[in-house]
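Report on the structure given below.
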Amino acid sequence: MSAVSAVGASRRRVQLWCLAFLLPGLVLGGLFTFYPMVMSWYYSLVQWNGFGSARTFVGLDNYRKLVHDSYFWAAFGRSFLFVVVAVPIRLGLALLVAIVLNNQALKLSKFYRTFFFLPVVTASAIVGIVMTFVLSPFHGPVNQALQHLSAIGSPVDFLGNSHTALWSIMGVEIWKDFGISMIYWLAALQTVPKEYQEAAAVDGANAWQTFRRVTAPILLPFAAIIVVLTANNTLHLFALVQSMTQGGPYYATQVIEVFIYQTGFASENSGGVPQLGYASAAGCLFGLAVMVIALLQLWAVKRANNVRGQLAGAR
Amino acid sequence: MTAIETQAVGTTRTDRAVRRRSPARRKNRIREIVVAVILVPVCLVWIFPFLWLLSASVKSNAQVFGGLNLFTHVVQLGNYVRAWNQAHVGRYFLNTALVTGGSIVITLISVALMGYVLGRYRFRGKRIVAGLLGAAIFLPEGYTIIPIIDLLNKLHLQSSLWGLTLAESGGIQVMMILLFAGYFSQLPRELEEAAIVDGAGFFRVFWQIFLPLTKPVIATCIILQFMHAWNDFLLPLVVTLNKPDLRTLSVGIYSFQGQYFTDYSGMAAASVIGLAPIVILFLVLQRYFVEGIAGAVKQ
Amino acid sequence: MASSELGRRRFLGLLGGLGAATALGGCTFRTDSNIGTVQADRKLRLPGPALSRKGSSSFRWMDSGDLKAPYEQAVFKAYSRKNSQVKITYDGTSWDRINEVVPLGIRNGSAPDVFAVPNDVPTNVAVSNGWLSPLDDVIPDFDQWKHSFPSTAFVPGVLTFDGKTYGFPLSSSKRLGTMLFYDVEYLKRADFDPRANRFTWTEFRAACKKLTKQGNGKYYGLMTQGLALGGIAGMLAEIAGLRGAGSTGGANSGGIDLRTGEYTFTDPRLQAAIELLLQIKSDGSIYPGYLSLDDATSRARMPQRVAGMIFDGPWDIPAWPLINPDYDFNIALPPMPDSRKPHNLAYQELGANSPFLYAKSKNKDIAGQLFSYMGSQAGQRAMMEISKGNLTSVMPDVNTAAQESSLLDSKAKTAYGYAHDVLRLAPLPQIRNPATADALLLQQPVVPTFATVVQGIFSGQVKNIPKALKSLQSSYEKSLDDAIKAAQKKGSKVSRDDWKFPNWDPATDYTTADYAGLSR
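Chains as they are written, first to last, in my numbering: chain S, 1058 to 1372; chain P, 4 to 302; chain C, 410 to 929.
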């Protein structure tokens, strides 16, 4: 009996320790994540220019207006297009490079990694300035290289042409944030025990087989997180677009965060009147949509797994 | 490019098992060369914008957009002098280092603690915490800078490096927590059992046994948090609005950008100065990515 | 670890390689740091007593910088020399940043002591929200100080509200923001002298074409940027006689012909001006990549000699020589219609560059002393001289006297002359009825704006120009009407007639007598 209570006491102690360990993170998160989040929901229900006391509670009016705002939906669509195209490319390439660079025997690996990482650490405003030059149709290096290779006849105005601007920004974004994905993959690859791979190689498995049978299953849970975070990150892309095109030409690159910013802080594209309440509502509605899509995806993945599990069981 | 790289991966992988055996050395060299042939040009293209930035930082403003040529006959080191003075690099550097360093410590502690219990323990409320983490990623948000500023005011932390540090480390860093949780969860139980037999308590097990094993994750988190805090602009500017002495480097870098006139070469020089520490940090912490935990644990 | 040591060194070598390579190439190193920044090289002496209180103070000033920055910094330096306990931090930054940061600072109670009111916040709103401190009790000998300004400087509803004065015009807003800047050598090579012979629309187009042809890929006829095109079209149309649309006459009456009180986006002259620019574009005469540039970048490219002409204001005059000291440029009046009968352009004296004092500032005495000097005859004169005449004063005597000064730049003098010749004071609804600001504050933005629509026309995304302009017209009309209705509902005495000044003759300045002559 005393043994049982001892176990109970120790369990209780562990429970207390666990809570103590969670405390700092929860307090910080409560203050700097959840409180601002809840406040921003409140802002979405008012008509407010962000300054002054003239804050009128308008209920769901902002949302009602948003639903009919074609610029909002266009921006919404661009952000999703961005995710659908840029995330797979970025993650796929980053995984390949990470696998190559994870090899300790590779002496120069450190420098390759540093080079790939450089764009990540550079402020977006700087990248914007550099890239407007790099992509410029007037003696810009990209155009000159393409012309040299006879890939194009006359220079392309990558950022000024409504058909190429968004894709160009995607390219730059992939380039800039590639390093983060690479770091994530490298961190994940660290969890793959080397012995497994060596054993697989001894068994005569080729690289693809090793990857599929040994590395991939271990990476999978990480991959799910990395995909979600990268997608989330991409949906909130802002500074890069703002510094390269300010959402132009004529909204061609206005992704959702740029829409929100320009609506909230009164830019030329939004008519020069700050509408913080409306901007907040746009953020919330967009976030809500993302959440629904993510949950649907999770549900789909779970279902797929279940089906696969049943199939495996049947076999 | 993709196809070629896949091939490179292939070479890398198959060789790994035989690495420590005798003929492996030559093979290693070949692989090194193959990878170099592919990656060195890729890297050069990759960092072209930086070479451009570096070259812009020693050009005059007239030459900055002058053309492709990265080389200049007159090296304007004066840009760096100007950058140093106008961006108050001396003072702002220290502020940035304090804020960044402080936020790294705070973030690492909160994140590692959370990751540890989430990764290794079952406790009441775990589901709620996991739900909160999910919510932190997915719950929609609108404008958050205003409530954050209001909050710092209420905590009487406005206009202080402390407030700024907290705000920079605040917010749930879900990726970091998951990295820690994942890493902790796959460390073997035996480690802790042995320690408990020696009479180690809950905290000591964490602090002395498990935490030191997570160097790769720690390194990753340091770099992620460093990037976040080092380059942040709006929050430091607003928080330190009435204490110009407390400003950070990125605020200084933006001071080259005016409404009608941007001093590109000065800005480039200031950016190079601001970039250097991150590059160095990255080079130093790289080691831990390579070290790999599998080896570290099972030695 | 030996290999990693070596590696690290190799890496540093790579990084330093660029510098090293240039050094090996026998390059010269220069360490003068003044290139690229406007330096205030003149030492000012401030009259009046030193600050009476001791103990160190940190004083902060934030505005949009540029032309006024060298002058303000010279004043700050002089002030700190006199009062060594005062440290002044100056932030000259972009309007976007001011719009973002100042309201946050006010929320936070930490706004700069002196700031520019965000350009999306009407001054009377800043006053009624308690952001600003009246200057009446702050500036020493206030009445005498105020008296040295012309009476028009403080008309109620602009800087004066309920009998209190909240700001003063640091410089005059009577300046031409869309002069034609041109590369002297290029224009000469093409046999043009726009200064002697003002371009007509047709000649302008031909000049752009010829310049581009002679530039042969090295330079183009016209430099501009996507969001500037609307303003240029509006300006061209205004010289052709249109009032309203696209005019740069301040946000509050932008687009409205103040004679009729109606928006004029559907006027054929505006469309003709857009067509002219489109023709210049299809001639291939515009610098490639202009659509994605912004103001700052498009201006900064001119001294690199990649284009022959740009429309811009006096701020470029001191900035360009800093970018390229050898750049030979000049200014001319913008093109006139082919009839060769140019009309005047309208401006509104809103007190350009007015600094405002934060209501919660703890250093009002310092601001008082600074304002006292800056708004004095001596201070205004110094402002004109340090800005080399690119800023002008609202005090007529100071202006006339300073024009004789040898310190003024000849281009600035020309610009001053142009402004004098071309600009005529337009009426201002908020002078007639301050309640108009209530409506403006409630006005829901029109999206897309005129500037954005014109950008879309040039990027090919807006195809039907008349339709787009028509829809702009009705959106703007509706937006203002709705705002007025909403303001009326809140008890504000405002009506659409407040924007209607039938007695306005755009060829002459609109005077106080004209306001009095309006029948309500």
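For glycine and all other residues, C-beta sits at the position ideal for the given N, C-alpha and C.
- In chain order, Val1178, Thr1179, Ala1180 and Ser1181 make up the part of chain S whose C-beta sits under 9 Å from the C-beta of Asn234(P).
- In the DSSP annotation of this structure, the continuous segment of the alpha helix (DSSP H) that includes Ile1231(S) starts and ends at Ala1222 to Leu1246.
- Three or more Cβ pairs closer than 8 Å define a contact, and the region 814-827 of chain C falls short of that threshold against the region 892-911 of chain C.
- Look at Pro1145(S): its C-beta is not under 9 Å from any C-beta on chain C.
- Along the region 503-515 of chain C, going in chain order, the ones with a CB nearer than 8 Å to a CB of chain S are Asp505, Asn508, Glu509, Pro512 and Ile515.
- For Val67(P), the CB contacts under 8 Å within the same chain, skipping 5 residues up- and downstream, are Ala59, Tyr267, Ser268 and Ala271 in chain order.
- Going by beta carbons, Phe206(P) and Leu190(P) fall outside the 9 Å limit.
- Shown here, Tyr736(C) sits in coil according to DSSP, grouped into three states, outside any helix or strand.
- Per DSSP, reduced to three states, the secondary structure at Pro677(C) is helical.
- Distances from the CA of Gln89(P) to each of Pro697(C), Phe867(C), Gly501(C) and Asn538(C) were compared; the closest alpha carbon is that of Gly501(C).
- Proximity of Trp49(P) to chain S, defined by a Cβ-Cβ separation below 9 Å, is satisfied.
- Judged by DSSP in its simplified three-state form, Thr265(P) adopts strand.
- Contacts between Tyr267(P) and chain S, judged by CB atoms closer than 9 Å, involve Ile1186 in chain order.
- Residues of chain S with a Cβ closer than 7 Å to the Cβ of Thr223(P) are, in chain order, Ile1240 and Ala1244.
- In this chain, the beta strand (DSSP E) harbouring Trp470(C) covers Ser466 to Asp472.
- Looking at Tyr885(C), Ala791(C), Leu816(C) and Val863(C), the one whose alpha-carbon comes closest to that of Gln482(C) is Ala791(C).
- In this structure, Gly635(C) sits near Tyr699(C), with a CB-CB distance shorter than 9 Å.
- Chain S places a beta carbon closer than 9 Å to that of Phe867(C), counting this residue as a contact.
- Residue-level contact check: Ile212(P) does not touch chain S, since none of the beta carbons of chain S fall below 9 Å from its beta carbon.
- Taking the beta carbon of Val871(C) as reference, the chain S residues within 7 Å of it are Tyr1307, listed in sequence order.
- At least 9 Å separates the CB of Lys1359(S) from every CB of chain P.
- Between Ile775(C) and Asp522(C), the C-beta gap is smaller than 9 Å, which places the two residues in contact.
- Using a 10 angstroms sphere on the CB of Phe577(C), the tally of other CB atoms reaches 16 or more, which defines it as buried.
- Residue environment analysis places Lys773(C) among the buried positions, since at least 16 neighbouring C-beta atoms fall within 10 angstroms of its C-beta.
- Sequence-distant Cβ neighbours of Gly1304(S) in its own chain, meaning closer than 6 Å and more than five residues away, are Thr1310, Gln1311, Val1315 and Asn1326.
- Distance from the Cα of Ile1240(S) is smallest, within the candidate group Val1095(S), Val1157(S) and Val1271(S), for Val1157(S).
- Not a single CB atom of chain S sits nearer than 9 Å to the CB of Leu240(P).
- Inclusion of Asn1289(S) and Ile50(P) in the CB contact set at 9 Å is not warranted, their separation being larger than that value.
- Beyond the five residues adjoining it in sequence on each side, Ser489(C) comes within less than 8 Å, by CB distance, of Val495, Lys496 and Ile497 in the same chain, given in chain order.
- For the region 687-702 of chain C, the set of residues with a beta-carbon nearer than 8 Å to any beta-carbon of chain S comprises Tyr696, Pro697, Gly698, Tyr699, Leu700, Ser701 and Leu702, in chain order.
- Annotation: Tyr629(C) is outside any alpha helix (DSSP H); the continuous beta strand (DSSP E) that includes it extends over Tyr629 to Met632.
- Take the alpha-carbon of Phe1139(S) and the one of Met1227(S): they are about 7 Å apart.
- As computed with DSSP, Gly576(C) is found in a beta bridge with Phe765(C).
- Rounded to whole angstroms, Leu252(P) and Met230(P) show a C-alpha spacing of 13 Å.
- Within the region 520-531 of chain C, those residues whose Cβ lies closer than 9 Å to any Cβ of chain S are, in chain order, Pro527, Asn528, Asp529 and Val530.
- Shown in chain order are the members of the region 91-124 of chain P whose Cβ falls below 7 Å from a Cβ of chain S: Ile112, Ser113, Val114, Leu116, Met117, Tyr119, Val120 and Tyr124.
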